[in-house]
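The structure under discussion appears below in the form of structure tokens.
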Amino acid sequence: MPLFQKAPATPEEMDRHRPLDLSPEEVSELDEGAWYARAYRGDETPQLTVRAIVMGAALGFVLAFTNLYLGLKIGWHIGVAITACLLSFAIWGSFVRLGVARTPMTILENNCMQSTASAAGFSTGSTMVSAIPALLMLSATAERPGGEHLPWPVLAAWTFFLAVLGVVLAIPMKRNLINQERLRFPSGTAAAVTLQSLYSKGEAAAGKAKGLLFAALAGGVVPLFTSLNVAREADAAGKAARAALLPGALKAFDGLPGIAGAGRTYPLSDWNIKLDLGPALIAAGALVGLRVTASMIVGGLALALFLGPWGMESTWTNPAGATVPAVTRPQAAWREIGLWAGAPMLVTVGLLSLALQWRTIARAFTGLRGRGPASAPPRGEGGRPQEGLAERVARTEVPGAWFWCGGLFAGAGVIAIAWRFFEIPPYFGVLAVLLTFVLSLVACRATGESDITPTGAMGKIMQLVYGVLIPQNATANLMTAGITSGAAAASADLMTDLKSGYLLGANPRRQFIAQILGIVPGTVATVVGFHLLVPDASALTGGSGGEAPFPAPAAQQWRAVAQLFKLGVGNLHPMARACIAGGIVAAIVLVLADKALSGERHKAYRRYVPSATGVGLGLILPFYQPLSMFLGAAIAAIVGARKGRAEAYVVPVASGLIAGESLVGVVVAALNNFVLTMR
Numbered sequence: 001m002p003l004f005q006k007a008p009a010t011p012e013e014m015d016r017h018r019p020l021d022l023s024p025e026e027v028s029e030l031d032e033g034a035w036y037a038r039a040y041r042g043d044e045t046p047q048l049t050v051r052a053i054v055m056g057a058a059l060g061f062v063l064a065f066t067n068l069y070l071g072l073k074i075g076w077h078i079g080v081a082i083t084a085c086l087l088s089f090a091i092w093g094s095f096v097r098l099g100v101a102r103t104p105m106t107i108l109e110n111n112c113m114q115s116t117a118s119a120a121g122f123s124t125g126s127t128m129v130s131a132i133p134a135l136l137m138l139s140a141t142a143e144r145p146g147g148e149h150l151p152w153p154v155l156a157a158w159t160f161f162l163a164v165l166g167v168v169l170a171i172p173m174k175r176n177l178i179n180q181e182r183l184r185f186p187s188g189t190a191a192a193v194t195l196q197s198l199y200s201k202g203e204a205a206a207g208k209a210k211g212l213l214f215a216a217l218a219g220g221v222v223p224l225f226t227s228l229n230v231a232r233e234a235d236a237a238g239k240a241a242r243a244a245l246l247p248g249a250l251k252a253f254d255g256l257p258g259i260a261g262a263g264r265t266y267p268l269s270d271w272n273i274k275l276d277l278g279p280a281l282i283a284a285g286a287l288v289g290l291r292v293t294a295s296m297i298v299g300g301l302a303l304a305l306f307l308g309p310w311g312m313e314s315t316w317t318n319p320a321g322a323t324v325p326a327v328t329r330p331q332a333a334w335r336e337i338g339l340w341a342g343a344p345m346l347v348t349v350g351l352l353s354l355a356l357q358w359r360t361i362a363r364a365f366t367g368l369r370g371r372g373p374a375s376a377p378p379r380g381e382g383g384r385p386q387e388g389l390a391e392r393v394a395r396t397e398v399p400g401a402w403f404w405c406g407g408l409f410a411g412a413g414v415i416a417i418a419w420r421f422f423e424i425p426p427y428f429g430v431l432a433v434l435l436t437f438v439l440s441l442v443a444c445r446a447t448g449e450s451d452i453t454p455t456g457a458m459g460k461i462m463q464l465v466y467g468v469l470i471p472q473n474a475t476a477n478l479m480t481a482g483i484t485s486g487a488a489a490a491s492a493d494l495m496t497d498l499k500s501g502y503l504l505g506a507n508p509r510r511q512f513i514a515q516i517l518g519i520v521p522g523t524v525a526t527v528v529g530f531h532l533l534v535p536d537a538s539a540l541t542g543g544s545g546g547e548a549p550f551p552a553p554a555a556q557q558w559r560a561v562a563q564l565f566k567l568g569v570g571n572l573h574p575m576a577r578a579c580i581a582g583g584i585v586a587a588i589v590l591v592l593a594d595k596a597l598s599g600e601r602h603k604a605y606r607r608y609v610p611s612a613t614g615v616g617l618g619l620i621l622p623f624y625q626p627l628s629m630f631l632g633a634a635i636a637a638i639v640g641a642r643k644g645r646a647e648a649y650v651v652p653v654a655s656g657l658i659a660g661e662s663l664v665g666v667v668v669a670a671l672n673n674f675v676l677t678m679r
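Here it is as structure tokens:
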């Protein structure tokens, strides 16, 4: 069976490849044998075609910039599958109307396109918003405040091998989790439902695609005024400098009473309480929701009103004999003291939430043992053996040899780079890859059951393990965690895409190929985008006195854990130590309260319990970011309460605003760094 197929050339051919008569919900109820008998159509319907791969690679390349931008801004990623489906459907429909293409894509071609786009736009970016920026910040010194970037080829190879490793690690899990246990994988199910509706309700889908595109245009205008340095002016020292036409944020609250710290009252804008003009954060808040963003406001206010002022007055004589405060200035409170309360909260949330899913973890390992369903022979309806089913499974599923060959190839690449550039001995590199397989299994099952991929928690587990195995080596601590986080994200992303294909009757082997092919454009986009957005560490830390355009909250957590193992708790400011303990306790209380109120009986009270994740993020972000996100969530809640046509446009419009600002933001960063630089 050839992997690549020929696209339909005539309307008659297209008509033969219409979507299934079964809905994705109905397909999800079929056992493996019934699926092959009633839903599978990957042999005759075009799926892995050149046009599908090219479209997926192009869209994924573009969407990779949006996820990188958002990840460095607020530490969140957004799934690109549904956005790619909408864009591809609209773009290819335009090609057909203009005569550029003869036929639309089949539903399975669009599904394959989605796999390529998702691999490029999502699975390659995890390490670029966590371990890599954390490593850059750790490399900054007083003599070299900008730090030192990894060489481009090293960064590209590291990203590529991690993504390939994650994709191949998912191979032995697929039949167990999708065919046999039929886990829901909510995002994959949503993508399948979206594709099915695109092909049955074209007018509504076209309207959403237009909404997304118009929102992208609107979002793209803002950075041209707030970030593009086209105006000439003199800086504080009287030297010629460039600036944007408009400020990035308005000091809208400076008319209110200020906040005192160390004997002086500072305006609210000095505590980062101002109004950001960027639409991406507002749109992100609309997607995240009111509970989390309101909790972020709680964390941000706790920092500005209590921890920050207290930190400015709390002095300590460090081991070098110098007397230093916990917070040197209001603008830096989020990274000087908020980080030590917020990061432990986020780490504790991830690990405790994972521990509370102990049944999920147990099932993950049971499924790969001889007693589990993964080792069971293929069976048809009612659990009875079905003639010819084993042959069909062998012909369509990804062969086990691909797992071994791909795992050895990608694992060897990861181990070699870790040894050569990150001071990780080969035997510890081998251990990291083996542990990554175990943790990726847990991450994939958690994604299938809850739609939450705990890559952060997986990374923290590795940081704890290697903090013991290789103490005081911050680089090794970060990059071993990066192996797990990057590979687990890629594994879960593939499983989500395979679930979508399964519900549409797709060939999983062809989907796997599409996913692998998406890694290359994704690697190029994320590496180039990272260097454009983060020319040096000051873009992440704000340098001396400036604001950080990309606070990278995930990286701030990782850096804090690595520093803790490197320096030891005794070298931290006493207030930072107190904040670590307080953050851990607060997270435990909030997570357990949330768990206790999750049942039907107490569900109404759960909304009043702050999200521990939200509070933690509010502590490690400049306040104007949570504020913008809260405004976006409030707008989405008001629109959603009306339950009309407008509600259906919240996700496409929000996705468009994020895409527009982030794509133009990357271009603006390139112009500022390479074209508009003052000599």
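In the working numbering, the protein residues as written are 1 to 679. Beta carbons are placed, not taken as given, at the ideal position from N, Cα and C, and that holds for glycine.
Beta-carbon proximity of F95 to A410, cut-off 7 Å: The sequence position of residue 95 within the sequence shown is 95, counting from 1. The sequence position of residue 410 within the sequence shown is 410, counting from 1. A410 is positioned such that its CB atom lies no closer than 7 Å to that of F95.
Straight-line gap, G370 to A394 (C-alpha atoms, nearest Å): As a first step, residue 370 must be located in the sequence shown, where it is residue number 370. As a first step, residue 394 must be located in the sequence shown, where it is residue number 394. The pLDDT assigned to G370 is 40, lower than 50, so where the model puts this residue is not dependable, and the model offers no usable value.
C-beta atoms of K499 and F185 nearer than 7 Å: Taking the first residue of the sequence shown as 1, we reach residue 499 at position 499. Taking the first residue of the sequence shown as 1, we reach residue 185 at position 185. Taking 7 Å as the Cβ cut-off, K499 and F185 qualify as a contacting pair.
Counterpart residues of G261 in DSSP-defined beta bridges: The sequence position of residue 261 within the sequence shown is 261, counting from 1. According to DSSP, which records beta bridges pairwise, G261 is partnered with R264.
Where the alpha helix (DSSP H) containing V349 begins and where it ends: Translated into positions along the sequence shown, residue 349 becomes position 349. V349 -> alpha helix (DSSP H) spans 339 to 356.
Segment limits, alpha helix (DSSP H) that includes P153: Along the sequence shown, read from residue 1 onward, the residue named residue 153 stands at position 153. 152 to 169 is the span of the alpha helix (DSSP H), which, as asked, contains P153.
Between the CA atoms of L478 and M345 - distance to the nearest angstrom: Along the sequence shown, read from residue 1 onward, the residue named residue 345 stands at position 345. Along the sequence shown, read from residue 1 onward, the residue named residue 478 stands at position 478. Distance between the alpha carbons of M345 and L478 is about 19 Å.
Same chain, Cβ closer than 6 Å to G448, five either side skipped, listed in chain order: Within the sequence shown, residue 448 is the residue found at index 448, counting from 1. The answer, listed in chain order, is L177, L183, F185.
DSSP three-state assignment for R510, whether helix, strand or coil: The residue labelled residue 510 in the question sits at position 510 within the sequence shown. Of the three classes helix, strand and coil, the one that applies to R510 here is helix, per DSSP.
Rounded separation between L503 and A192 - CA only: On the sequence shown, position 503 is the one that residue 503 refers to. On the sequence shown, position 192 is the one that residue 192 refers to. The alpha-carbon atoms of L503 and A192 are separated by roughly 6 Å.
Three-state secondary structure assigned by DSSP to R41: By one-based count along the sequence shown, residue 41 stands at place 41. Looking at R41 - three-state DSSP - the assignment turns out to be coil, as it is neither helix nor strand.
Minimum C-alpha distance to L108 - residue among L631, N507, A576: Taking the sequence shown and counting its residues from 1, the one referred to as residue 108 is at position 108. When each option's Cα is compared against that of L108, the closest is N507.
Pairwise C-alpha distance: R509 and W35: As a position in the sequence shown, residue 35 is number 35, starting the count at 1. As a position in the sequence shown, residue 509 is number 509, starting the count at 1. Looking at the two C-alpha atoms, the distance is approximately 16 Å.
Rounded C-alpha distance that separates L155 from P133: Locating residue 155 in the sequence shown gives position 155, where the first residue counts as 1. Locating residue 133 in the sequence shown gives position 133, where the first residue counts as 1. Each residue's Cα considered, the two are about 11 Å apart.
DSSP beta-bridge partners of W316: Locating residue 316 in the sequence shown gives position 316, counting from the first residue. DSSP lists V324 as partners of W316.
Endpoints, alpha helix (DSSP H) assigned at L20: Locating residue 20 in the sequence shown gives position 20, where the first residue counts as 1. Counting along the chain, L20 falls outside any alpha helix (DSSP H), and DSSP gives it neither H nor E.
Pick from E233, P151, I282, E143 that is closest to L135, judged by C-alpha positions: In the sequence shown, the residue the question calls residue 135 occupies position 135. The option with the nearest alpha carbon to L135 is P151.
Cβ pair count under 8 Å reaching 3, the segment 1 to 21 against the segment 41 to 49: Inter-segment contact for the segment 1 to 21 and the segment 41 to 49 is present: three or more beta-carbon pairs are separated by less than 8 Å.
Reference P622, options G56, L275, T106, D15, closest by Cα: Reading the sequence shown from its first residue, position 622 is the one you call residue 622. Of G56, L275, T106, D15, the residue nearest in Cα terms is L275.
Start and end residues, alpha helix (DSSP H) containing T480: Here residue 480 refers to the residue found at position 480 of the sequence shown. Taken as a continuous stretch (DSSP letters only), the alpha helix (DSSP H) holding T480 covers 474 to 504.
Secondary structure of A243, DSSP reduced to three states: The residue given as residue 243 occupies position 243 in the sequence shown. A243: strand per DSSP, three-state reduction.
Assigned exposure category for T265 - 16 Cβ within 10 Å defines buried: Start at 1 with the first residue of the sequence shown, and residue 265 comes out as number 265. The residue is exposed, with fewer than 16 neighbouring Cβ atoms inside 10 Å.
Residue burial classification, V327 (beta-carbon count within 10 angstroms, cutoff 16): In the sequence shown, the residue the question calls residue 327 occupies position 327. When all chains shown are included, V327 counts as buried.
Within 7 Å, strictly: CB atoms of V54 and A490: The residue given as residue 54 occupies position 54 in the sequence shown. The residue given as residue 490 occupies position 490 in the sequence shown. Taking 7 Å as the Cβ cut-off, V54 and A490 do not qualify as a contacting pair.
Any beta strand (DSSP E) of 3 or more consecutive residues that is wholly inside the segment 32 to 119: Here no run is fully enclosed.
First through last residue of the alpha helix (DSSP H) which encompasses D594: Taking the sequence shown and counting its residues from 1, the one referred to as residue 594 is at position 594. Taken as a continuous stretch (DSSP letters only), the alpha helix (DSSP H) holding D594 covers 574 to 596.
Proximity below 7 Å, CB of T93 to CB of V653: In the sequence shown, counting from the first residue as 1, residue 93 sits at position 93. In the sequence shown, counting from the first residue as 1, residue 653 sits at position 653. Before going further, note that residue 93 is Gly rather than Thr in the sequence given. It is not a contact, given that the beta carbons lie outside the stated cut-off.
Collapsed DSSP secondary structure at A134 in the structure displayed: Here residue 134 refers to the residue found at position 134 of the sequence shown. Reduced to three states, the DSSP call for A134 is helix.
Beta-carbon separation (whole angstroms), E661 vs G278, contact threshold 8 Å: Position 661 of the sequence shown, counted from the start, is the residue given in the question as residue 661. Position 278 of the sequence shown, counted from the start, is the residue given in the question as residue 278. The Cβ separation is near 6 Å, so the contact holds.
Residue closest to P610, alpha-carbon to alpha-carbon, out of V292, V524, P521, F512: As a working note, residue 610 is residue 610 in the sequence shown. Among V292, V524, P521, F512, the Cα nearest to that of P610 is on V292.
Outcome for A488 when other beta-carbon atoms lying within 10 angstroms are tallied against a minimum of 16: Here residue 488 refers to the residue found at position 488 of the sequence shown. Buried, by the Cβ-count rule.
Residue environment, T613, which counts as buried when at least 16 other CB atoms sit within 10 Å: Reading the sequence shown from its first residue, position 613 is the one you call residue 613. Under this definition T613 is a buried residue.
Beta-carbon proximity check, E423 vs T475, cutoff 7 Å: Numbered from 1 along the sequence shown, position 423 holds the residue referred to as residue 423. Numbered from 1 along the sequence shown, position 475 holds the residue referred to as residue 475. Yes.
Euclidean distance between Cα positions of F512 and R175: The residue labelled residue 512 in the question sits at position 512 within the sequence shown. The residue labelled residue 175 in the question sits at position 175 within the sequence shown. Whole-angstrom Cα-Cα distance: 13 Å.
Through-space distance from G456 to T116, alpha-carbon basis: The sequence position of residue 116 within the sequence shown is 116, counting from 1. The sequence position of residue 456 within the sequence shown is 456, counting from 1. Rounded to the nearest angstrom, the two C-alpha atoms are 24 Å apart.
Own chain, CB closer than 8 Å to I297, minus 5 neighbours either side, in chain order: Counting from one through the sequence shown, the residue named residue 297 turns up at place 297. Excluding five sequence positions before and after I297, the CB atoms of its chain that fall closer than 8 Å to its own CB belong to G618, P626, L627, F630, given in chain order.
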